[in-house]
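Residue numbers (this note's numbering), protein chains in the order written: chain A, 1 to 108; chain B, 1001 to 1114.
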């Protein structure tokens, strides 16, 4: 199976750091994506990891460990506009399988 | 500007009616996808197409149909056989058949069946 698990909701203060974990069963996936989705809008691409390690892109970083079936998205210097749902998705061939998303609430 | 368009943004239909959702892309992408999203849930794959005149069922294809007669267009029909069609429908495309490096999404159509 390829279940993707991530926490339902996380709350953090403006300016802080939040880490969103994503775990999956290791068989079959050949890449791990993170998307951001604001309420009522389409998901937008944040990051993609195909090899183990950390990918940094501005305030956002993503980490992958394929042997452990584990990824995380790190959001630094949180801003109010970062309040959104963050979707973890694994790629298998030409398809993506999405987790249920983690709702991040940023408070003043 | 290149991108993916979906129309309409909001759609209301009576129970028992078929309805077709439009998806057009001018990114010259080979692959296109349809997803369904219910409140508080992730995206579930309905159908996908990796090349013109070919498409495959996703995880929840029952009650839906698609066509891919042109590279830029991938319409989705929600039939009366779909038991719970009210949802947010998202169309996406990717540059190649491998689904990567990422999928680009249209703005979505929110379908409400009364």
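Glycine is no exception: its CB is placed at the ideal position from the N, C-alpha and C atoms.
Per DSSP, residue i is paired with what?
i, result
"residue 1036 of chain B", "B:1044, B:1089"
"residue 1068 of chain B", "Beta-bridge pairing links residue 1068 of chain B to no other residue."
"residue 10 of chain A", "A:104"
"residue 1056 of chain B", "B:1048"
"residue 29 of chain A", "Paired residues: none, contrary to the question."
"residue 92 of chain A", "A:95"
"residue 4 of chain A", "A:24"
"residue 1004 of chain B", "B:1025"
"residue 84 of chain A", "A:104"
"residue 53 of chain A", "A:64"
"residue 1094 of chain B", "B:1031"
"residue 1079 of chain B", "Answer by DSSP bridge pairing: none, since residue 1079 of chain B is not bridged."
"residue 37 of chain A", "A:85"
"residue 19 of chain A", "A:74"
"residue 1013 of chain B", "B:1113"
"residue 1074 of chain B", "Per DSSP, none; premise fails for residue 1074 of chain B."
On the premise that residue j lies in contact with residue i, defined as a C-beta separation below 8 Å, what is that separation, rounded to the nearest angstrom?
i, j, result
"residue 16 of chain A", "residue 78 of chain A", "5 Å"
"residue 1114 of chain B", "residue 1024 of chain B", "Rounded, the Cβ-Cβ distance is 27 Å, inconsistent with contact."
"residue 1056 of chain B", "residue 1064 of chain B", "At roughly 12 Å, the Cβ-Cβ gap does not stay under 8 Å, so residue 1056 of chain B and residue 1064 of chain B are not in contact."
"residue 14 of chain A", "residue 103 of chain A", "The pair is not a contact, with the Cβ atoms about 16 Å apart (cut-off 8 Å)."
"residue 92 of chain A", "residue 33 of chain A", "With a Cβ gap of about 12 Å, residue 92 of chain A and residue 33 of chain A do not count as contacting."
"residue 1020 of chain B", "residue 1075 of chain B", "5 Å"
"residue 1012 of chain B", "residue 1112 of chain B", "5 Å"
"residue 1092 of chain B", "residue 1035 of chain B", "7 Å"
"residue 31 of chain A", "residue 18 of chain A", "Contact flag wrong, Cβ pair sits at about 23 Å."
"residue 1108 of chain B", "residue 1004 of chain B", "Going by Cβ atoms, the distance from residue 1108 of chain B to residue 1004 of chain B rounds to 10 Å, so no, they are not a contact pair."
"residue 1081 of chain B", "residue 1038 of chain B", "The Cβ separation is near 18 Å, so there is no contact."
Quick one: which chain B residues come within Cβ less than 8 Å of residue i?
i, result
"residue 68 of chain A", "Here the premise fails: no neighbours, minimum Cβ distance about 21 Å."
"residue 87 of chain A", "1042, 1043"
"residue 100 of chain A", "1040, 1041, 1042"
Residue i: which of the options sits nearest, CA to CA?
i, options, result
"residue 35 of chain A", "A:6, A:11, A:52, A:93", "A:6"
"residue 107 of chain A", "A:42, A:81, A:58, A:99", "A:81"
"residue 141 of chain A", "A:51, A:43, A:56, A:99", "The structure shown does not extend to residue 141 of chain A, since chain A is modelled only from 1 through 108, so no value can be given for it."
"residue 27 of chain A", "A:105, A:70, A:83", "A:70"
"residue 1045 of chain B", "B:1107, B:1110, B:1111, B:1089", "B:1089"
"residue 41 of chain A", "A:85, A:89, A:94, A:96", "A:85"
"residue 59 of chain A", "A:31, A:97, A:47", "A:47"
"residue 1095 of chain B", "B:1011, B:1032, B:1052, B:1010", "B:1032"
"residue 1040 of chain B", "A:56, A:53, A:87", "A:87"
"residue 1102 of chain B", "A:68, A:43, A:38", "A:43"
"residue 1059 of chain B", "B:1043, B:1106, B:1070", "B:1043"
"residue 52 of chain A", "A:38, A:72, A:39, A:45", "A:72"
"residue 1069 of chain B", "B:1030, B:1104, B:1079", "B:1030"
Residues of chain B with CB under 9 Å from residue i, in chain order?
i, result
"residue 39 of chain A", "None at all; the shortest Cβ gap to chain B is about 10 Å."
"residue 33 of chain A", "1100, 1101, 1102, 1103"
Would the beta-carbon of residue i be found less than 7 Å away from any heavy atom of the ligand GTP?
i, result
"residue 57 of chain A", "Annotation note on the ligand GTP: not contained in the displayed structure, which lists no ligands."
For a contact defined as C-beta to C-beta under 8 Å, what are the partners of residue i on chain A?
i, result
"residue 1107 of chain B", "41, 42"
"residue 1090 of chain B", "42, 43"
Is residue i close to chain E, meaning its C-beta is less than 8 Å from at least one C-beta of that chain?
i, result
"residue 27 of chain A", "Among the protein chains in the structure shown, which are A and B, there is no chain E."
For the stretch 5-18 of chain A, which residues have a beta carbon sitting closer than 7 Å to at least one beta carbon of chain B? none
Contact list for the stretch 1046-1080 of chain B against chain A, Cβ threshold 9 Å: 1048, 1050, 1056, 1058, 1059
Residues of the stretch 1019-1034 of chain B whose Cβ lies closer than 7 Å to any Cβ of chain A, in chain order: Correct list: 1031.
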